[in-house]
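Each protein sequence line maps, in turn, to chains A and B.
Quick note on the working numbering: the first sequence kicks off at 1 and runs consecutively.
Quick note on the working numbering: the second sequence kicks off at 255 and runs consecutively.
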Amino acid sequence: MAHILKTDNLTKSFGGLLAVNNVSIKVDEGSITGLIGPNGSGKTTLFNVISGALKADSGKTYFDGKRIDGLPCHLIYKAGLVRTFQVPRLFQKMTVLDNMLIAARGLVGERLTVTFFQSWAWKRQEEGLIKKALAILEMLDLYHQRKNLAGNLSGGQMKLLEMGRALMADPKMLLLDEPAAGVSPLVVDKIFEKIVELRQSLGLTFFIIEHRIETLFNYTDRVIVMFKGQVIAEGKGKELVEDPKVIDVYLGEY
Amino acid sequence: MVNIENFILDMFIYVGIFGVLSISLNLEYGFTGLWNFGKVAFYMIGAYTSAIITTLGQPFYIGFAAGVVVSSLAGLLISLPALRLREDYLGILTLVFGEIIRIILKNEYWLGGPLGIRGIPSITPAGLDYTTTLLVQLASITVIAAVCYLVAYRLIHSPFGRVIRGIREDELATASLGKNTFRYKASIFAISSAMAGIAGAFMGQYVTSITPDQFMPFVSFTVWMMVMLGGFANIEGAFLGAFLYIGFERAARIAKDYLLLPIDPNNLMFILTGLLILIFVFLRPQGLLKENKVRDYKGV
Numbered sequence: 001m002a003h004i005l006k007t008d009n010l011t012k013s014f015g016g017l018l019a020v021n022n023v024s025i026k027v028d029e030g031s032i033t034g035l036i037g038p039n040g041s042g043k044t045t046l047f048n049v050i051s052g053a054l055k056a057d058s059g060k061t062y063f064d065g066k067r068i069d070g071l072p073c074h075l076i077y078k079a080g081l082v083r084t085f086q087v088p089r090l091f092q093k094m095t096v097l098d099n100m101l102i103a104a105r106g107l108v109g110e111r112l113t114v115t116f117f118q119s120w121a122w123k124r125q126e127e128g129l130i131k132k133a134l135a136i137l138e139m140l141d142l143y144h145q146r147k148n149l150a151g152n153l154s155g156g157q158m159k160l161l162e163m164g165r166a167l168m169a170d171p172k173m174l175l176l177d178e179p180a181a182g183v184s185p186l187v188v189d190k191i192f193e194k195i196v197e198l199r200q201s202l203g204l205t206f207f208i209i210e211h212r213i214e215t216l217f218n219y220t221d222r223v224i225v226m227f228k229g230q231v232i233a234e235g236k237g238k239e240l241v242e243d244p245k246v247i248d249v250y251l252g253e254y
Numbered sequence: 255m256v257n258i259e260n261f262i263l264d265m266f267i268y269v270g271i272f273g274v275l276s277i278s279l280n281l282e283y284g285f286t287g288l289w290n291f292g293k294v295a296f297y298m299i300g301a302y303t304s305a306i307i308t309t310l311g312q313p314f315y316i317g318f319a320a321g322v323v324v325s326s327l328a329g330l331l332i333s334l335p336a337l338r339l340r341e342d343y344l345g346i347l348t349l350v351f352g353e354i355i356r357i358i359l360k361n362e363y364w365l366g367g368p369l370g371i372r373g374i375p376s377i378t379p380a381g382l383d384y385t386t387t388l389l390v391q392l393a394s395i396t397v398i399a400a401v402c403y404l405v406a407y408r409l410i411h412s413p414f415g416r417v418i419r420g421i422r423e424d425e426l427a428t429a430s431l432g433k434n435t436f437r438y439k440a441s442i443f444a445i446s447s448a449m450a451g452i453a454g455a456f457m458g459q460y461v462t463s464i465t466p467d468q469f470m471p472f473v474s475f476t477v478w479m480m481v482m483l484g485g486f487a488n489i490e491g492a493f494l495g496a497f498l499y500i501g502f503e504r505a506a507r508i509a510k511d512y513l514l515l516p517i518d519p520n521n522l523m524f525i526l527t528g529l530l531i532l533i534f535v536f537l538r539p540q541g542l543l544k545e546n547k548v549r550d551y552k553g554v
């Protein structure tokens, strides 16, 4: 299988702290890949560097065959790589539906000439987008909240909305930073079942940070383990459970 | 009571001028989250550009157009370095920018120096009686304000307006959703500076003389107070805020003549407006009117 995402010796430090240290990973196209590691092991920083929120000190990132390191966030989005955040970064004072619509790709109404002189053009385009947004909201059980402000949602609903917003962007690949954090156990399985379903129906690739190892092992094809900024192991869930390094830094905590 | 109608007409003309300034600040701060404490700079640039051009004998519409273009370019120019700053630094920078422009104008004698520019040709023909002149001026500022309102209305009720609200709420998230946030912020800065420019150009020909010291930072803060009163991110509130502030200011100015106070009565206005702002900050920090929705989504 082709690698949709590849990093080559990515390094990012904050002062003297090497948050991401020579990380080279590969994510297969159409796979669900997990990323685990104790707190502070550099998982979120790796996501930030890949998605352009932070600039890497050195190293290269390839997405879909093109180099994307050093590009600003909005161009990485254009390439088809969309992310969510560990703490949901919703537009709190905007409605759920507005949160969804803002993420859509290729909005004609974002051009000023259209805004001022051709409002019929964006209104027509938006009819279709609203239908699409509502369908996604329905799938995520957020349909009844569509006109509520995003800031009034519960923590779990915010997580779901953020995933919905990312789906609205027609991504090729999604980086999900703890999509199930703070969500009740029943909903966790539902979220991951949705992820598996989306992979099948849309052919999306998922790269997921998650702390619940059992969940991750159940739903992912491969898992990458980070510790102190470095990748210390990768493989299928069951092999990893027996890897002494992994047991030492991660499973050992249990 | 003589001339009360002129007093009221003059008041509404200023409500129009400051309503336009408030819309322009509301686009920047209310909708996009850009801290602009230097609104007066673009007001001043519009006023001076138009005044210089019309005193050279050009018709008013060329002066107005030049005021709009130069202010807008100045807005775009300052936005290039400034918009990369964090919001509080942007506030400091815009505040200082206004002062720099004012002090330059005060020291350049070919631009009028400390005495400013006098004898700016008015848009009203000479020979009209004063009340008619005021009515013509009021009609003109109403047209200008209506145009600015429509521009803002189109902007905020559109996908563009959704994105700028997104920048206000969370810039990183907006960028991660594929928006070139810098382009949006620069566009907003240019558009709202153009609005401040036309307000300045209009004010110059209405008063017929401008001096640098008319453009102290306090003018920017006045516009902030109007936006606070009317409501953040509400373009109707911009006019409501301007009306309330100016009405309150003038009422206090009249009231002081009838009151026996233990303080210097000239300070009454400042004390009362300060009190009003405090009351708002504590009781209704979002202002009187709620944020404008992007769309109603009828039937959804």
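For glycine and all other residues, C-beta sits at the position ideal for the given N, C-alpha and C.
Bear in mind that the values here come from a model prediction, so they are computed numbers and not experimental data.
M255/B at chain A interface by Cβ criterion, 8 Å: Reliability fails at M255/B, whose pLDDT of 48 lies under 50, so the model's placement of it is uncertain and the value that follows must be treated cautiously. Not flagged as an interface residue toward chain A: M255/B, since no C-beta distance is shorter than 8 Å.
Below-8 Å beta-carbon distance, D424/B vs any chain A residue: At least one chain A Cβ lies under 8 Å of D424/B.
Bridge partners - A233/A, DSSP secondary structure assignment: BP columns for A233/A point to V225/A.
Within 9 Å of chain A by C-beta, residues of the region 519 to 551 of chain B in sequence order: Against chain A - using a Cβ distance shorter than 9 Å - the residues of the region 519 to 551 of chain B are E545, K547, V548, R549 and Y551.
Segment contact, 8 Å Cβ cut-off, at least three pairs: the region 318 to 328 of chain B with the region 479 to 488 of chain B: Taking 8 Å as the limit for Cβ pairs, the verdict is that the region 479 to 488 of chain B does not touch the region 318 to 328 of chain B.
Segment contact, 8 Å Cβ cut-off, at least three pairs: the region 460 to 472 of chain B with the region 368 to 387 of chain B: Yes, the region 460 to 472 of chain B touches the region 368 to 387 of chain B.
Separation of L175/A from G203/A, as counted between CA atoms: So the alpha carbons of these two residues sit roughly 15 Å apart.
In DSSP terms, what Y62/A is bridged to: According to DSSP, Y62/A bridges with K6/A and R67/A.
Limits of the beta strand (DSSP E) - the one that M173/A falls within: M173/A -> beta strand (DSSP E) spans M173 to D177.
Neighbouring residues, chain A, relative to G432/B (Cβ below 7 Å): H74, Y77, K78, R105 and A169, listed in chain order.
With 16 other Cβ atoms within 10 Å as the buried cut-off, status of D383/B: Label assigned to D383/B: exposed.
Residue burial classification, E126/A (beta-carbon count within 10 angstroms, cutoff 16): Around the beta carbon of E126/A, 16 or more other beta carbons sit within 10 angstroms, so the residue counts as buried.
CB-CB length for S304/B against A320/B, believed under 8 Å: With a Cβ gap of about 6 Å, S304/B and A320/B count as contacting.
Beta carbon proximity, T292/A to chain B, threshold 8 Å: Since the displayed chain A opens at 1 and closes at 254, residue 292/A lies outside it and no answer follows.
Reference I306/B, options K547/B, Y363/B and Y438/B, closest by Cα: Measuring C-alpha to C-alpha distances from I306/B to each of K547/B, Y363/B and Y438/B identifies Y363/B as the nearest.
Beta-carbon proximity of L275/B to Y302/B, cut-off 8 Å: Between L275/B and Y302/B, the CB-CB gap reaches or exceeds 8 Å.
Sub-8 Å separation of L107/A and W122/A beta-carbons: L107/A places its beta carbon less than 8 Å from that of W122/A.
Residue interval of the beta strand (DSSP E) (run including G34/A): Per DSSP, G34/A belongs to the beta strand (DSSP E) from I32 to I36.
Unbroken beta strand (DSSP E) run spanning A399/B, endpoints: That residue, A399/B, is in no beta strand (DSSP E); its alpha helix (DSSP H) goes Y384 to I410.
T303/B - containing alpha helix (DSSP H), residue span: Here the alpha helix (DSSP H) through T303/B covers K293 to T309.
A569/B: first and last residue of the uninterrupted alpha helix (DSSP H) it sits in: This structure cannot settle anything about residue 569/B, because the visible part of chain B is limited to 255 through 554.
Cross-chain neighbours of L389/B in chain A, by beta carbon under 8 Å: Within chain A, no residue comes near L389/B; the closest Cβ sits about 31 Å away, beyond 8 Å.
Which of helix, strand or coil DSSP assigns to N152/A: Note: N152/A maps to helix in three-state DSSP.
Simplified DSSP assignment, three categories, for F91/A: F91/A: coil per DSSP, three-state reduction.
As assigned by DSSP and simplified to three states, the class of A229/B: Lying outside 255 to 554, the shown extent of chain B, residue 229/B is not represented and no answer is given.
Stretch pair the region 96 to 105 of chain A + the region 43 to 53 of chain A: three plus CB contacts closer than 8 Å: Below 8 Å, too few C-beta pairs join the region 96 to 105 of chain A and the region 43 to 53 of chain A to call them touching: fewer than three.
Own chain, CB closer than 6 Å to D170/A, minus 5 neighbours either side, in chain order: Sequence-distant Cβ neighbours of D170/A in its own chain, meaning closer than 6 Å and more than five residues away, are R105.
Extent of the continuous beta strand (DSSP E) run through R83/A: Here the beta strand (DSSP E) through R83/A covers L81 to R83.
Identified DSSP bridge partners for T205/A: As DSSP reads the structure, T205/A sits in a beta bridge with M173/A.
Between the CA atoms of T378/B and T387/B - distance to the nearest angstrom: Straight across, the Cα-Cα distance linking T387/B with T378/B is about 6 Å.
Which of helix, strand or coil DSSP assigns to F14/A: When secondary structure is reduced to three states using DSSP, F14/A falls in the strand class.
Length at least 4, wholly inside the region 91 to 128 of chain A: the alpha helix (DSSP H) runs in chain order: Here the runs fully enclosed are 96 to 101 and 112 to 117.
Outcome for D141/A when other beta-carbon atoms lying within 10 angstroms are tallied against a minimum of 16: Taking a 10 Å sphere around the C-beta of D141/A, we find fewer than 16 other C-beta atoms and assign the residue as exposed.
Any chain A beta carbon closer than 8 Å to F414/B: It does: the Cβ of F414/B has a partner Cβ on chain A nearer than 8 Å.
Beta-carbon gap between E341/B and S446/B smaller than 8 Å: Their beta carbons are not under 8 Å apart, which means E341/B does not touch S446/B by this criterion.
Contiguous alpha helix (DSSP H) assignments of at least 4 residues, all confined to the region 326 to 375 of chain B: DSSP runs (the alpha helix (DSSP H)) wholly in the region 326 to 375 of chain B: 341 to 361.
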